[in-house]
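Chains as they are written, first to last, in the working numbering: chain W, 1 to 240; chain L, 241 to 480.
The beta-carbon is built from N, C-alpha and C at its ideal position, and this holds for glycine as well.
The structure displayed is predicted, hence computed values, not measured ones.
Number of protein chains: 2
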Amino acid sequence: MKITAIVSGGMDSATLAYHLIELEHDVELVSFDYGQRHRVELEHAEALSDRLDVPWSLVDLSGLRSLIGGSALTDDTIDVPEGHYAEPSMAKTVVPNRNLIMLSIAAGIAVANDSDRVATGVHAGDHFVYPDCRPTFISAASTAIMLGTDGFAPPGFGVIAPFVHISKADIARIGDELGVPWDETWSCYKGGARHCGLCGTCVERIEAFQIAGVDDPTEYDAMPDLAGLVSTFERIEVDG
Amino acid sequence: MKITAIVSGGMDSATLAYHLIELEHDVELVSFDYGQRHRVELEHAEALSDRLDVPWSLVDLSGLRSLIGGSALTDDTIDVPEGHYAEPSMAKTVVPNRNLIMLSIAAGIAVANDSDRVATGVHAGDHFVYPDCRPTFISAASTAIMLGTDGFAPPGFGVIAPFVHISKADIARIGDELGVPWDETWSCYKGGARHCGLCGTCVERIEAFQIAGVDDPTEYDAMPDLAGLVSTFERIEVDG
Chain W
1 MKITAIVSGG
11 MDSATLAYHL
21 IELEHDVELV
31 SFDYGQRHRV
41 ELEHAEALSD
51 RLDVPWSLVD
61 LSGLRSLIGG
71 SALTDDTIDV
81 PEGHYAEPSM
91 AKTVVPNRNL
101 IMLSIAAGIA
111 VANDSDRVAT
121 GVHAGDHFVY
131 PDCRPTFISA
141 ASTAIMLGTD
151 GFAPPGFGVI
161 APFVHISKAD
171 IARIGDELGV
181 PWDETWSCYK
191 GGARHCGLCG
201 TCVERIEAFQ
211 IAGVDDPTEY
221 DAMPDLAGLV
231 STFERIEVDG
Chain L
241 MKITAIVSGG
251 MDSATLAYHL
261 IELEHDVELV
271 SFDYGQRHRV
281 ELEHAEALSD
291 RLDVPWSLVD
301 LSGLRSLIGG
311 SALTDDTIDV
321 PEGHYAEPSM
331 AKTVVPNRNL
341 IMLSIAAGIA
351 VANDSDRVAT
361 GVHAGDHFVY
371 PDCRPTFISA
381 ASTAIMLGTD
391 GFAPPGFGVI
401 APFVHISKAD
411 IARIGDELGV
421 PWDETWSCYK
431 GGARHCGLCG
441 TCVERIEAFQ
451 IAGVDDPTEY
461 DAMPDLAGLV
471 STFERIEVDG
């Protein structure tokens with residue numbers, strides 16, 4: 001089957017691409033420039049497509065930066081919060097409705113390219129902060145896309161999110177088995193020369209590798225005190 | 241209530257804006273440049289915001305033109321089909337998933353601007369050709385938007401589509417009562433100096449004014465033989 005996969009250049013979407021290719025799908029990758037501070041991730045997305053020898057498209061949504069404000073990811077005047085991904089302060093990293101915007105454009109590209117599904121690498125660890133990473137949202141988005149393209153897309157067209165019920169540590173384990181080159185993936189929201197090690201997504205990355213028992217080749221500017229932070233796993237159990 | 245309304249510059253969305261203001265809502269308008277051939281409609285959308293003295297944002301999606309192909313609206317090598325809106329040939333004017341793309345971006349802007357709803361002017365006459373104008377789609381899109389912005393948007397946030405169950409002739413009647421300046425709206429897909437009168441959306445416009453018994457100030461390059469075309473009304477009755 002042909003699958004249009006959304007990739008950011010991070011470890012989740014890199015693992016998603018490797019996973020889909022392992023399953024012998026015909027994969028094309030799509031990335032989005034929405035004016036994010038950590039635009040460096042897009043270079044990693046393109047490198048991923050080169051390494052996997054699959055097509056890659058970059059969608060320019062940089063004009064949205066001035067229209068959809070209020071997020072530390074797209075507004076240089078708002079500091080990127082440090083700490084655990086599950087902290088309330090991480091709400092500052094939400095870009096309103098980002099995933100539906102990306103899924104709907106990817107679905108349009110998928111229809112134009114005769115693709116059978118759209119894939120996203122959202123996972124259970126994202127559920128605390130980001131409403132548009134939850135299973136109920138993915139299901140609703142898939143239905144909207146199916147109905148909105150009815151008659152123009154293949155049977156069963158919609159969204160697949162193979163990691164939506166597993167943790168980032170699980171993704172680290174899966175990616176490690178698939179040989180994902182971790183040092184060619186980017187997570188840090190600050191988008192500096194190296195991973196900062198202290199922002200929410202750096203902490204989550206570090207924690208995921210540690211919980212999974214997978215070697216982390218990433219060079220961080222600093223290391224967080226993980227013992228002082230509530231782990232994603234505990235939060236998932238509380239959250240259900 | 242504050243409402244973010246998607247406007248194309250055509251008669252449906254102009255009537256939508258007038259209708260929302262008549263109901264004393266606080267309205268902001270959003271338009272999309274998706275590389276459409278009839279980009280001239282955007283000038284009419286901006287003029288509408290000037291006339292109503294409400295904010296207007298233009299979202300630049302022109303980069304999608306090369307990524308989402310296959311539509312006569314965005315590909316200069318595909319002729320804009322002439323005839324009735326309900327003809328199968330009008331499928332060539334479909335831009336895959338266009339409405340979900342516009343609704344999802346408008347929802348992001350709405351959340352950033354503390355708006356309570358997103359509004360669209362889709363109507364029952366669009367249902368034949370465009371799957372993303374049907375009530376089931378609007379309902380699913382609204383649910384996806386509500387879930388995707390959960391915790392970041394006001395209670396009841398979602399999509400309103402006040403014309404989704406009525407015809408374009410009904411819109412002509414409503415707009416006429418509200419004093420919509422029809423000669424400042426644009427429909428023609430060909431995007432020439434004047435309305436062509438023969439493309440699907442010109443035929444639909446002419447037919448709507450005739451059925452509604454509303455004076456049509458538009459200057460057309462040619463007039464279609466409406467007697468030879470099945471009317472939207474008859475089709476709606478067949479379609480349910």
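Exercise for the section: Leaving aside the five residues before and after GLU46(W) along the sequence, list all residues of the same chain whose C-beta is less than 7 Å from its C-beta, in chain order. Expected result: If you ignore the 5 residues before and after GLU46(W), its C-beta comes within less than 7 Å of the C-beta of TRP56, all in its own chain and listed in chain order.
Practice task
Keeping to the same chain, check which residues put their C-beta closer than 7 Å to that of ALA257(L); ignore five residues upstream and five downstream.
Solution key: Around ALA257(L): ALA245, VAL247, VAL267, LEU269, LEU288, LEU292.
Practice task
Go ahead and label LEU67(W) buried or exposed: buried means 16 or more other beta carbons lie within 10 angstroms of its beta carbon, across all protein chains shown.
Solution key: Counting other Cβ atoms within 10 Å of its Cβ, LEU67(W) reaches 16 or more and is therefore classed as buried.
Practice task
Check ILE145(W) in the structure and name its three-state DSSP category.
Solution key: For ILE145(W), the three-state secondary structure derived from DSSP is helix.
Practice task
Could you spell out where the alpha helix (DSSP H) holding LYS194(L) opens and where it closes?
Solution key: Given that chain L is displayed from residue 241 to residue 480, the structure contains no residue 194(L) and the question cannot be resolved.
Practice task
For the region 347–362 of chain L and the region 108–119 of chain W, state whether three or more C-beta atom pairs, one from each stretch, are separated by less than 8 Å.
Solution key: The way I'd put it, the region 347–362 of chain L doesn't touch the region 108–119 of chain W; fewer than three beta-carbon pairs between them come closer than 8 Å.
Problem - Per-residue burial, GLY63(W) [other beta carbons within 10 Å of its own, 16 or more giving buried] - result: Buried, since its Cβ has 16 or more Cβ neighbours within 10 Å.
Practice task
Report the rounded CA-to-CA distance for LEU100(W) versus SER167(W), giving the unit in angstroms.
Solution key: LEU100(W) and SER167(W): Cα-Cα distance of roughly 21 Å.
Handout entry: chain L within 8 Å of ASP150(W), Cβ atoms only
Key = Closer than 8 Å to some Cβ of chain L, the Cβ of ASP150(W) qualifies, so yes.
Exercise for the section: Taking only beta-carbon positions, decide if THR383(L) is within less than 8 Å of chain C. Expected result: Absent here is chain C; the protein component of the structure consists of chains W and L.
Exercise for the section: Could you work out which residues of chain L lie near PRO131(W), taking near to mean beta carbons separated by less than 8 Å? Expected result: Neighbours of PRO131(W) on chain L, chain order: LEU387, GLY388, THR389, ASP390, GLY391, PHE392.
Exercise for the section: Report yes or no: is there a C-beta of chain L within less than 8 Å of the C-beta of PRO181(W)? Expected result: Taking Cβ atoms only, chain L never reaches closer than 8 Å to PRO181(W), which makes this a no.
Practice task
Ignore the nearest five residues each way along the sequence and tell me which others in MET386(L)'s own chain have a CB closer than 7 Å to its CB.
Solution key: So the list reads PHE397, GLY398, once near-sequence residues are dropped.
Practice task
Please list the partners that GLY310(L) has in chain W, where partner means a Cβ-to-Cβ separation under 7 Å.
Solution key: Going along chain W in sequence order, the residues near GLY310(L) (Cβ under 7 Å) are ALA112.
Problem - Those runs of the beta strand (DSSP E) which lie wholly inside the region 61–133 of chain W and span at least 3 residues - result: Runs of the beta strand (DSSP E) lying entirely within the region 61–133 of chain W and spanning at least 3 residues, in chain order: 117–119.
Problem - Length of the line joining the Cα atoms of GLY197(W) and ASP221(W) - result: If I take the Cα positions, the gap works out to 6 Å.
Exercise for the section: Could you tell me which uninterrupted alpha helix (DSSP H) segments, each at least 4 residues in length, are contained entirely in the region 4–43 of chain W, listed from first to last along the chain? Expected result: Segments of the alpha helix (DSSP H) lying fully in the region 4–43 of chain W: 11–22.
Problem - Beta-bridge pairing of HIS435(L) - partner residues as DSSP gives them - result: Its beta-bridge partners are TYR460(L).
Practice task
Return the chain-ordered list of same chain residues with a C-beta closer than 6 Å to the C-beta of ALA14(W), the five sequence neighbours on each side being excluded.
Solution key: The residues are LEU48, VAL180, THR185.
Handout entry: Cutoff 6 Å; reference VAL164(W); Cβ partners in own chain excluding five residues on either side
Key = Cβ within range, chain order: VAL122, PRO135, ILE138.
Practice task
Measure the alpha-carbon distance for GLY440(L) versus CYS373(L) and round it to whole angstroms.
Solution key: Cα-Cα distance, rounded: 16 Å.
Practice task
Please name the residue, chosen from LEU282(L), ARG434(L), ASN337(L), that lies closest to GLY151(W) on a Cα-to-Cα basis.
Solution key: Of the listed residues, the one whose Cα sits closest to GLY151(W) is ASN337(L).
Practice task
Go through its chain and collect everything with a Cβ distance to VAL238(W)'s Cβ below 6 Å, but skip five positions before and after it.
Solution key: Summary for VAL238(W): the model assigns pLDDT 41, below 50, so the residue's position carries little reliability; its value from the coordinates is reported in the next sentence. Closer than 6 Å at the Cβ level, and outside the excluded window around VAL238(W), lies no residue.
Handout entry: CB contact check: ILE243(L) to chain W, cutoff 8 Å
Key = Not closer than 8 Å to any Cβ of chain W, the Cβ of ILE243(L) fails to qualify, so no.
Practice task
Could you check if THR149(W) is buried or exposed, using at least 16 other CB atoms within 10 Å of its CB as the buried criterion?
Solution key: Only buried fits THR149(W), as 16 or more other CB atoms lie within 10 angstroms of its CB.
Problem - Inter-residue spacing [alpha-carbon to alpha-carbon] between ILE3(W) and VAL80(W) - result: When rounded, the separation of the alpha-carbon atoms in ILE3(W) and VAL80(W) is 33 Å.
Practice task
Using DSSP bridges, identify the partner residues of TRP56(W).
Solution key: BP columns for TRP56(W) point to LEU29(W).
Handout entry: Proximity to ILE105(W) [Cα-Cα], best of PRO88(W), GLY83(W), SER31(W), GLU177(W)
Key = Closest in alpha carbon position to ILE105(W), among PRO88(W), GLY83(W), SER31(W), GLU177(W), is SER31(W).
Problem - Nearest to ALA72(W) (by Cα), restricted to the options GLU43(W), TYR85(W), GLN36(W), LEU58(W) - result: Minimum Cα distance to ALA72(W) is reached at GLN36(W).
Handout entry: Endpoints, alpha helix (DSSP H) assigned at GLY440(L)
Key = Counting along the chain, the alpha helix (DSSP H) containing GLY440(L) begins and ends at 440–452.
Exercise for the section: Quick one: using the 10 Å Cβ neighbour count with 16 as the cut-off for buried, is LEU282(L) buried or exposed? Expected result: Buried is the label assigned to LEU282(L), since at least 16 other Cβ atoms lie within 10 Å of its Cβ.
Problem - Buried/exposed call for ALA433(L), threshold 16 Cβ in 10 Å - result: ALA433(L) is exposed by the Cβ-count criterion.
Practice task
Report yes or no: is there a C-beta of chain W within less than 8 Å of the C-beta of PRO328(L)?
Solution key: Not closer than 8 Å to any Cβ of chain W, the Cβ of PRO328(L) fails to qualify, so no.
Handout entry: Minimum Cβ-Cβ distance from ASP316(L) to chain W less than 8 Å
Key = Not closer than 8 Å to any Cβ of chain W, the Cβ of ASP316(L) fails to qualify, so no.
Practice task
Go ahead and label GLY249(L) buried or exposed: buried means 16 or more other beta carbons lie within 10 angstroms of its beta carbon, across all protein chains shown.
Solution key: Around the CB of GLY249(L), 16 or more other CB atoms lie within 10 Å, so the residue is classed as buried.
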